[in-house]
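Q: Starting off with a structure, shown below.
Residue numbers (this note's numbering), protein chains in the order written: chain A, 1 to 377; chain B, 378 to 1133.
If you want it as structure tokens, here you go:
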């Protein structure tokens, strides 16, 4: 329990009045000293008796960076008292000033900020504190712990209680929209995957109704006299496109890293560059994968952090994976689509061609960023 | 300001109701239109705070003139602040405040008389400020009215501006500084101070409410707190230092004792007083005189204040302009005293006190410190002895310095006082005749008494119209007020009557000899004494007290030696210059004016202490501190606080619920049993726990521990189930259930449980 600035002032006034009364006559100083002292005592009782509230946090649905969502913190305690709620936010999340939040740089942990809100912890009804956040990066961000600064009705004393309530907020990589041409190219990829998939061929069997005509093996059919269709290995999904993503080690971050590794700032910058590259990779991969999924294909994605599969309609695991996927070299070259990122940009290779990612998109993926800048600035 | 957040954080992310106006309230909505709970509280609180210090300063202007202008200035400043508040930034507002203060200071200096400006040096200004902050009343300033008007706009503007800007804490600070100033000068009384402090507290709470959006939720806590403050501050006293006085300039390094002792710059008119028989000093003088110690020029309605700064004594003083007679007195202190009693008008001083003595603007001499018992000094006076014929011819050609200071009356002086003065003295042609007429009127129309209630309003008005009796302070005060209302310069004088003549031209002066009388100014003559107090009853009271003290063998009432036996007719030696005082035998006279007496040292005549605790000498006034009206008010406040506290703790709820289950009206068996069961739940809720939602009555009752008290509770539950879901209950069973519950309710009710 500590006095606030107000509390110190009241204390000084009380002591000063007492001293002046003792030295130069009581005058009406009793009417200053007694209420002042009483206010401090009452403040101590209020702050001391205030129960620690139960805290629950409701996060906004996962979304891409730059999208502002509302966090709701519910405080529940048997009796009501005024309190200031501070929610710790990781550096990559901005709290929206428009919602009344005050983002205060706490100075530790690399610019982590806190969202500070005055609220009253209510007894009968739950008190809700809402504030807006705008994540600036993909990833899984941890919010919390919450510190509740209990104060008295006059704000003379305060006591800080930390409630270890943490929640992870998943932020997907930004997804761009591919230009029409590239989308068409990718579509052909999904519709004629055979060329790249001979190794999955398993067996031939007779045609039964319902088989896709494109699976008919015309050569054998002609030989046998009835329609034969190709049979693929059981695991293989005929429409699955394999996407692999990674970072080109020959350019960008690593080279800089080796030349300037002596200085710690350079290391930090290099780490940042690696993060940036990973973000670029994730964004490009997400754009490509979602474009494929929209076209009805399934996607098997391999990143330096692991593998994930997605089918149209169930894209969440893929996005979750890409939200946290880290930097690393391209795991394998054996793939339909290869997404390669370096510090600034990414390129996509398929069908033996390489496209710069920036040329592929119509820029929709970047539109959110300036808005976010405005909000935080 | 409590957290580390920006001060004027727009705040409030929460979803509380009553938070309709956010930070944009100032821009989008007017000051009046967006009143919410916290703002209403802030405005009311600020009104209280402003009233407290502006009211004190208004009193000052009421005494010295200009109260209407003062009220206009305050109201105008508030209006200006409210108007400007919405458009002007904080920095500009601070500049405006500084300008207002600077302008006020300039006006104050401009209106000061030339003589005071010459005295004004930076050191002097500093020491005057220190004197003010250590208890020098604003009323003692020469330009008190202008000073009050100069000081008030700054804090009023700033606090109202800041309230419009919703910066309630800063507003409380701005108003609090002004309140602190008038509290430190001693001009604010307890009630006004308390109102101001409560106002400042309200502003702090308004800030919390506004910030946390909790207008209603914490109102009960605030109510309890404010009620506790009011009750505690009206009943307790914790500040030590009952007696004290300001650190005044020109006191030549006063000792602590001296600064505590000489509290004779003002006189409060109080109620009942006692007489102290202790010997203060002895005077060796060829003639008996009134030994004057102080003269007062400014009447406040409830007392007297001496204005202006003292200057060091530097040799001979001017005598009266008219004819006078030399009188040399040697005074020996018998008790520590911090006065230099001398017959009017002292012109020369000799003795150790000479070097440190001071001269008041009124012409009295005062010691720089305290005279210890045995210390002695000689003072030469020139006593005016103009004949009454000369006084009649004196005319009304008063010097400016006299009319400026000695015709002052509070603006609140009632019309009936002026009318009475007019009817008594209006026909008299000369000032002298007026003085004699008023003196005679007071002497004849009022009784002499020491036990009187303290006047509630203006002392002169109260004495003239509501009191039948009083003592010298009342007589003298009323006479001065009446004279001034008739345009005759007069002043209030304190000192001692000649005392007991013990032979050899020696007079023993006791505390009970302290007295107050009147001096009237006559052109080319000077100040002439009038004493409107009837002398006969006064002497009787004093002699009675002295005899009683001797019988009780109190200490320090007689000097060692044979003087007890000598009891000459009091006042025998007085030679009166004016017929006015001819009927006043000096003798031992009751003290209307008694001194504050700190435990260590005493001064005698003059300032009357309001402090009654253990004043062994000369002190006075064991009058109840709280008039019954105020006691009732405090009681009501306490009640409100208790109610709010009960609401806060839920005691009120519990009490209401307990009252609701006390009794049940009988209808039919089924309804009776159902009602009895609900009352049973009420009892169990108090004694055990409430029934949980979804819990059946049966399992609830089964969970109740089977104590002796509740063994019948389950039977009530059975009857309830049968009445509700089964085949009903008989009247006898219903009776049983009801009487069981009656018993349980009674045993759960405080007080009632002792009567079963």
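Yeah, the Cβ is synthetic: ideal placement off N, Cα and C, and Gly gets one too. In this text the structure is predicted, and so the values were computed from the model without any measurement.
1. Below 8 Å, how does it come out for the region 439–450 of chain B and the region 526–534 of chain B: are there three or more Cβ pairs, yes or no?
2. Whose Cβ in chain A lies nearer than 7 Å to the Cβ of residue 560/B?
3. Could you name the residues that DSSP lists as bridge partners for residue 307/A?
4. State yes or no: is the beta carbon of residue 22/A nearer than 7 Å to at least one beta carbon in chain B?
5. Counting contacts by CB-CB distance shorter than 7 Å, is residue 106/A in contact with chain B?
6. Assuming residue 755/B is part of the beta strand (DSSP E), what are its boundary residues?
7. So the beta strand (DSSP E) residue 1079/B belongs to, where does it begin and stop?
8. So, with DSSP's three-state summary, where would you put residue 52/A?
9. Give me the residue from 1037/B, 726/B, 865/B with the minimum Cα distance to residue 900/B.
10. Can you give the beta carbon distance from residue 165/A to residue 146/A, rounded, assuming they're within the 8 Å contact cut?
11. Beta carbon of residue 755/B, beta carbon of residue 728/B: below 7 Å?
12. Strictly under 7 Å for the Cβ-Cβ distance: is residue 59/A near chain B by that measure?
13. Pick out whichever of 575/B, 815/B, 1103/B, 788/B has its Cα sitting closest to the Cα of residue 798/B.
14. If we cut at 7 Å on Cβ distances, does residue 606/B have a partner in chain A?
15. In this structure, how does DSSP classify residue 223/A when only helix, strand and coil are distinguished?
16. Between residue 772/B and the rest of its own chain, which residues show a CB-CB distance below 7 Å, the 5 nearest in sequence each way excluded?
17. Tell me the DSSP secondary structure of residue 393/A in three-state form.
18. Quick one: list the residues of chain A neighbouring residue 614/B, beta-carbon separation under 9 Å, in chain order.
19. Could you give the first and the last residue of the continuous alpha helix (DSSP H) run that contains residue 586/B?
20. According to DSSP, is residue 1066/B part of a helix, a strand, or is it coil?
21. Does the Cβ-Cβ distance between residue 82/A and residue 589/B come in under 7 Å?
22. Let's test the definition: count the other Cβ atoms within 10 Å of the Cβ of residue 1131/B and tell me whether it reaches 16, buried, or not, exposed.
23. In the structure shown, what three-state DSSP assignment does residue 543/B receive?
24. Determine the direct distance from the alpha carbon of residue 741/B to that of residue 722/B, and round the result to whole angstroms.
25. I need the straight-line Cα distance from residue 286/A to residue 240/A, nearest angstrom please.
26. Just the C-alpha distance for residue 439/B and residue 786/B, rounded to the nearest angstrom, thanks.
27. Count the other CB atoms within 10 Å of the CB of residue 878/B; is the residue buried (16 or more) or exposed (fewer)?
28. Which residues in chain A sit within 9 Å of residue 581/B, going by Cβ to Cβ distance?
29. Between the C-alpha atoms of residue 437/B and residue 538/B, what's the straight-line distance to the nearest angstrom?
30. Is the Cβ of residue 539/B closer than 7 Å to any Cβ of chain A?
31. For residue 1033/B, which option in 1060/B, 842/B, 420/B, 1045/B has the closest C-alpha, if you only look at C-alpha atoms?
32. Does residue 289/A pass the burial test, meaning 16 or more other C-beta atoms within 10 Å, or should it be called exposed?
33. Please classify residue 457/B: does DSSP put it in a helix, a strand, or coil?
34. When you compare the region 1107–1124 of chain B with the region 1036–1055 of chain B, are there three or more beta-carbon pairs, one atom per stretch, that lie closer than 8 Å?
35. Our contact map puts residue 887/B next to residue 876/B with C-beta atoms below 8 Å; I'd like the distance itself, whole angstroms only.
36. For residue 1114/B and residue 1092/B, I'd like the C-alpha separation in whole angstroms.
A: So, from the listed chains and residues:
1. yes
2. The count along the second chain starts at 1 and reaches residue 560/B at position 183. Going along chain A in sequence order, the residues near residue 560/B (Cβ under 7 Å) are 27, 28, 29, 32.
3. Numbered from its first residue, the first chain carries residue 307/A at position 307. Beta-bridge annotation (DSSP): residue 307/A is paired with 302/A.
4. Against the first chain, residue 22/A aligns to sequence position 22. Chain B, which has a Cβ nearer than 7 Å to the Cβ of residue 22/A, makes this yes.
5. For this step, residue 106/A is matched to residue 106 along the first chain. Its pLDDT being 32, under 50, residue 106/A is placed unreliably by the model, and the measurement read from it follows with that caveat. No, residue 106/A lies away from the interface with chain B (no Cβ there is under 7 Å from its Cβ).
6. Here residue 755/B corresponds to residue number 378 of the second chain, with the count starting at 1. Where residue 755/B is concerned, the enclosing beta strand (DSSP E) stretches over 753–761.
7. In the second chain, counting from the first residue as 1, residue 1079/B sits at position 702. Unbroken run through residue 1079/B is the alpha helix (DSSP H), 1074–1080; no beta strand (DSSP E).
8. Here residue 52/A is taken as the residue at index 52 of the first chain, counted from 1. The answer is coil: DSSP assigns residue 52/A none of H, G, I, E or B.
9. Taking the first residue of the second chain as 1, we reach residue 900/B at position 523. The residue with the shortest Cα to Cα distance from residue 900/B is 865/B.
10. Residue numbering aside, residue 165/A sits at position 165 when the first chain is read from its first letter. Residue numbering aside, residue 146/A sits at position 146 when the first chain is read from its first letter. 5 Å between Cβ atoms; contact.
11. Position 378 of the second chain, counted from the first residue, corresponds to residue 755/B. Position 351 of the second chain, counted from the first residue, corresponds to residue 728/B. Yes; because the gap between Cβ atoms is below 7 Å, this pair is in contact.
12. In the first chain, residue 59/A corresponds to position 59, counting from 1. Chain B, which has no Cβ nearer than 7 Å to the Cβ of residue 59/A, makes this no.
13. Looking up residue 798/B in the second chain gives position 421. Looking at the Cα atoms, 815/B is the closest of the given residues.
14. On the second chain, position 229 is the one that residue 606/B refers to. Chain A contact via Cβ: present.
15. As a first step, residue 223/A must be located in the first chain, where it is residue number 223. Three-state DSSP puts residue 223/A in a helix.
16. Here the question's residue 772/B lines up with position 395 in the second chain. Excluding residues within five positions, the ones whose Cβ falls inside 7 Å are 900.
17. In the structure as shown, chain A begins at 1 and stops at 377. Residue 393/A is therefore absent and cannot be evaluated.
18. Against the second chain, residue 614/B aligns to sequence position 237. Per Cβ cutoff of 9 Å: 26, 30, 34.
19. As a first step, residue 586/B is located in the second chain; it is residue number 209 there, counting from the start. Here the alpha helix (DSSP H) through residue 586/B covers 567–589.
20. Within the second chain, numbered from 1, the residue matching residue 1066/B stands at position 689. Correct three-state label for residue 1066/B: coil.
21. Translated into the one-based positions of the first chain, residue 82/A becomes position 82. Translated into the one-based positions of the second chain, residue 589/B becomes position 212. It is a contact, given that the beta carbons lie within the stated cut-off.
22. Numbered from its first residue, the second chain carries residue 1131/B at position 754. So residue 1131/B counts as exposed.
23. If you number the second chain from 1, residue 543/B lands on position 166. Residue state, collapsed to three classes: coil.
24. Looking up residue 722/B in the second chain gives position 345. Looking up residue 741/B in the second chain gives position 364. Distance between the alpha carbons of residue 722/B and residue 741/B: 8 Å.
25. Sequence index remark: in the first chain, residue 286/A carries index 286 (1-based). Sequence index remark: in the first chain, residue 240/A carries index 240 (1-based). Taking the straight line joining both Cα atoms gives about 16 Å.
26. On the second chain, position 62 is the one that residue 439/B refers to. On the second chain, position 409 is the one that residue 786/B refers to. Approximately 9 Å between the Cα atoms of the pair.
27. Numbered from 1 along the second chain, position 501 holds the residue referred to as residue 878/B. Taking a 10 Å sphere around the C-beta of residue 878/B, we find 16 or more other C-beta atoms and assign the residue as buried.
28. For the purposes of this step, residue 581/B is taken as the residue at position 204 of the second chain. Going along chain A in sequence order, the residues near residue 581/B (Cβ under 9 Å) are 6, 10, 39, 153, 154, 155, 156.
29. By 1-based counting over the second chain, the position of residue 437/B is 60. By 1-based counting over the second chain, the position of residue 538/B is 161. C-alpha separation (whole angstroms): 25 Å.
30. Locating residue 539/B in the second chain gives position 162, where the first residue counts as 1. Chain A contact via Cβ: absent.
31. Taking the second chain and counting its residues from 1, the one referred to as residue 1033/B is at position 656. Checking every option, the nearest Cα to that of residue 1033/B belongs to 1060/B.
32. Residue 289/A sits at position 289 when you count from the first residue of the first chain. So residue 289/A ends up on the buried side.
33. Position 80 of the second chain, counted from the first residue, corresponds to residue 457/B. DSSP places residue 457/B in helix when its eight states are reduced to three.
34. yes
35. Along the second chain, one-based indexing puts residue 887/B at 510. Along the second chain, one-based indexing puts residue 876/B at 499. About 7 Å; that satisfies the 8 Å criterion.
36. Locating residue 1114/B in the second chain gives position 737, counting from the first residue. Locating residue 1092/B in the second chain gives position 715, counting from the first residue. One C-alpha to the other measures close to 8 Å.
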